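To start, the structure under review is shown below, and the notes come after it.
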Amino acid sequence: MDTAPGIAATSLSFAAVLGAAMGLATIGGAAIGVLATFLIDEFDITRSDVGTLIAAFAIVGAIASPGAGRLADLLGGRRSVLAVYLVAILVLAGMATAPTFLLLLLASGAGGFANGLTNPATNKAIATLVPTGQRGLITGIKQSGVQLGVFLAGLLLPPVADRFGWRTGVGGLAVLGVLGLVAAHFRLPREEGRDVVERRPLREPHAPVVWWLTLYSFLMGLGTGSITAFIALFAEEEVGMDVRAAGLVLGLTGLVALGGRIGWGIVSERHTGYFPALAMMAALATGAAGLLVAAPHLGSAAVWVAAVLVGFSVGSWNTVAMLAVMHTAGPAQAGRGSGLVVLGFLGGFGLGPRGFGGWVDAVGSYGPAWGGVVVGFAAALGVALLWMSWGRRRLAVSGDDCGA
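Numbering (the working numbering), first residue to last: 134 to 537.
Here you go:
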């Protein structure tokens, strides 16, 4: 049963603090994509190496996420969210000061823990303090923190890097994180016993829908990681856009997703249901990737249109997936269920860029790699449709709660 929320739980400041934690914990990956040209020049690395940086960020997060989910259930939302802030600040500072590629890689990998903890921690806070029916808006706002970070990275980091160097830009993000940590300390409500968790729920098996969401998240993660890492570099190298315009392409995906995450959260909770919304977003993502395949022939306009579609689909689906997990797992297991779904997403997010970058280096063209992204998104669409037509009906016949 959902607990009654406190005043702070339904306030915009509560949602903003959670959103800032989400953005701070994940902005390192976006920064690597936006600053790829600068990193290649300074460290004399390849595109495949750029993919490796993001892969380290994501794969460590994937490995850590199941344990991070259990930790969030045991510690509670407040302490887990504060831990996200602290780790993310240290990671950004480490990236900004790394003198070698190896140390930059280690710093990026260390960011994986904050990346793996941020969804379970923030979901735990919402599931504990906000009842079903009021979570869509709060979850959409907090998930939009990731996309706000992407937008700010694409908008601000290239000009800052041009004028002052890329290290100054990343270091500035760490300073902003300190301000966010202070705000979180004062604005996050103290649970006062709300997060006392029985050991029994931590040992119970996951609901079937959580496994379906994990598979969907893995497939979407493959394309999400590839787009985050390479859409800006692709816009420069194959479409002929300058570095600032290319950075704004990635930034636009984040800007559109700011509204997309909030809108999809409300619509999926109150109207369409979670999996129909996930199916629609996978279909839009497939179309966006198809546009990127054709962009070298169609010109920069195709990249801008694709960026809008990416923001409304690739950049927005995570809100709906997290709502589905909270609905299915309930407050007691919200962190644990979120951790498994995040494992799937970050596993795909880590593998995608590495494979994408290696493919581009091998064939000398982005086209086949974008084609692989199309296939991944189409497979995610198939998973959503299969759950709607078979998995949910099977559980309904058996009398189980089909959740999402």
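Glycine residues also receive a C-beta, built at the ideal position from the N, C-alpha and C atoms. Because the structure is a prediction, the values reported are computed rather than measured.
Residue burial classification, F103 (beta-carbon count within 10 angstroms, cutoff 16): Because the chain here runs from 134 to 537, residue 103 falls outside it and cannot be looked at.
Work out the CA separation of A390 and L519 for me, nearest whole Å. 26 angstroms
Find out if the Cβ-Cβ distance for the pair G313, A153 is shorter than 8 angstroms. yes
Which of helix, strand or coil does DSSP assign to Q280? helix
Residues near A513 in its chain [Cβ-Cβ closer than 7 angstroms; skip 5 each side]: Y349, L352, M353 and A415
Can you tell me the Cβ-Cβ gap for L479 and S198, rounded? I've got them flagged as a contact below 8 angstroms. 6 angstroms
Rounded to the nearest angstrom, what separates R377 and L208 at their Cα positions? 42 angstroms
Under the three-state DSSP convention, the category R469 falls into: helix
Can you name, in chain order, every residue of its own chain whose Cβ lies under 6 angstroms from the Cβ of F246, other than the five neighbours on each side? A197 and V220
May I have the straight-line CA-CA distance separating A195 from A189, to the nearest angstrom? 10 angstroms
State the start and end residues of the unbroken alpha helix (DSSP H) segment that holds E175. A169 to F176
Quick one: give me the first and last residue of the alpha helix (DSSP H) that W437 is part of. S433 to F445
Backbone secondary structure at D375 - three-state DSSP: coil
Since M318 is in the alpha helix (DSSP H), which residue starts that stretch and which ends it? In the sequence as presented, Met is not what sits at residue 318; that position holds His. Here the alpha helix (DSSP H) through H318 covers W299 to R320.
Roughly how many whole angstroms lie between the Cα atoms of L383 and V441? 10 angstroms
Does P253 come out as helix, strand or coil in the three-state DSSP assignment? helix
Mind checking G166: buried by the 16 CB within 10 Å criterion, or exposed? buried
Which same chain residues end up closer than 6 angstroms to S471 when comparing Cβ atoms and leaving out the 5 residues on each side of it in sequence? G202, N252, P253, N256 and V458
State the DSSP-derived secondary structure class of R323, mapped to helix, strand or coil. coil
Alpha carbon to alpha carbon, what distance is there between M228 and R180? 18 angstroms
Taking contact to mean at least 3 C-beta pairs separated by less than 8 angstroms, is the segment 445-460 in contact with the segment 423-437? no
Alpha helix (DSSP H) containing E370: first to last residue? P341 to E370
On a Cα-Cα basis, can you pick out the residue from D375, R487, F489 and L473 that is closest to V342? L473
Is there contact here, the segment 355-372 with the segment 483-496, by at least three beta-carbon pairs under 8 angstroms? yes
Hey, V214 and L151 are a contact pair by Cβ (cut 8 angstroms); roughly how many whole angstroms apart? 7 angstroms
By alpha-carbon positions, which one of G504, T261 and G477 ends up nearest to I192? G477
So, with DSSP's three-state summary, where would you put S401? helix
CB of I259 within 8 angstroms of CB of I271, strictly: yes
Which same chain residues end up closer than 7 angstroms to L456 when comparing Cβ atoms and leaving out the 5 residues on each side of it in sequence? R268, G269, T272, G398, S401, E402 and Y407
For S146, the three-state DSSP class (helix, strand or coil): helix
Do F171 and W299 have their CB atoms nearer than 8 angstroms? yes
Thinking just about the alpha-carbon of each residue, which of V475, D174 and V507 is nearest to the one in T347? V475
Pick helix, strand or coil for Y541, following the three-state DSSP scheme. Since the first residue of the chain shown is 134 and the last is 537, residue 541 is not available in this structure.
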